[in-house]
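Chemist:
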Amino acid sequence: MSVIKEQDIIDSIAGACQYISYYHPEDFVKGMVEAYEKEESEAAKNAIAQILINSKMCAMGHRPLCQDTGSVNIFIKVGLNAKLELSKELEEVLNEGVAKGYTDPDNTLRYSVVSDPAGERKNT
1 MSVIKEQDII DSIAGACQYI SYYHPEDFVK GMVEAYEKEE SEAAKNAIAQ
51 ILINSKMCAM GHRPLCQDTG SVNIFIKVGL NAKLELSKEL EEVLNEGVAK
101 GYTDPDNTLR YSVVSDPAGE RKNT
């Protein structure tokens, strides 16, 4: 039976949060390149080129594609032959991974969600 350790889950979630903040999906980039090649309007070509340049700069510099880094939704599948080795509830472990990903000192991500939007508006 495979054992998945708590710290591995935290590190994996943190890494995923960082990764998705600075890489566009491959199909998006390919689609933008195709659109650039087909586009006839010079202004539209320039706009598409700028998006592609920004995408490349973000990937190379590991900087967010957008200042609004969204909110995180995590879907987990655990195989029948896997065991989670946790010291706390899985939700707490996942939240710790997200927090670690968003507060990475090399690329701190902007908090996008507040815990009480009608009241204190504390960032989560």
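The sequence shown begins at 1 in the working numbering and counts up by one.
The C-beta atom is built at its ideal place from N, Cα and C for all residues, glycine as well.
#1: Would you decide whether S21 is buried or exposed? Buried here means 16 or more other CB atoms lie within 10 Å of its CB.
#2: Around the Cβ of G101, are there at least 16 other Cβ atoms within 10 angstroms (buried) or fewer (exposed)?
#3: Rounded to a whole number of angstroms, what is the C-alpha to C-alpha distance between V98 and V33?
#4: On a CA-only basis, which of V93, V72, Y23 is nearest G56? Give me that one, please.
#5: Could you give the residue range of the alpha helix (DSSP H) that holds S2?
#6: Evaluate the contact criterion for the stretch 108-117 versus the stretch 61-73: three or more CB pairs, one atom per stretch, below 8 Å.
#7: Restricting to runs no shorter than 4 residues, where is the alpha helix (DSSP H) found entirely within the stretch 36-72?
#8: State whether the stretch 79-99 contacts the stretch 3-20, with contact taken as three or more CB pairs (one from each stretch) at a distance under 8 Å.
#9: For E96, report the span of its alpha helix (DSSP H) as first-last.
#10: How about C58 and L52: do their beta carbons lie closer than 8 Å?
Modeler: According to the structure data:
#1: Under a 10 Å Cβ-count criterion, S21 is classified as buried, with 16 or more other Cβ atoms of the shown protein chains found around its own Cβ.
#2: Buried, since its Cβ has 16 or more Cβ neighbours within 10 Å.
#3: If I take the Cα positions, the gap works out to 32 Å.
#4: According to the sequence as given, residue 56 is Lys; it is not Gly. With respect to the C-alpha of K56, the residue from V93, V72, Y23 having the closest C-alpha is Y23.
#5: Bounds of any alpha helix (DSSP H) do not take in S2; it lies within the beta strand (DSSP E) bounded by 2-5.
#6: Result yes; three or more Cβ-Cβ pairs closer than 8 Å.
#7: If we require 4 residues or more, the alpha helix (DSSP H) runs fully inside the stretch 36-72 come out as 42-61.
#8: Contact between the stretch 79-99 and the stretch 3-20 is present, because at least three Cβ pairs lie under 8 Å.
#9: E96 -> alpha helix (DSSP H) spans 90-102.
#10: Contact: no.
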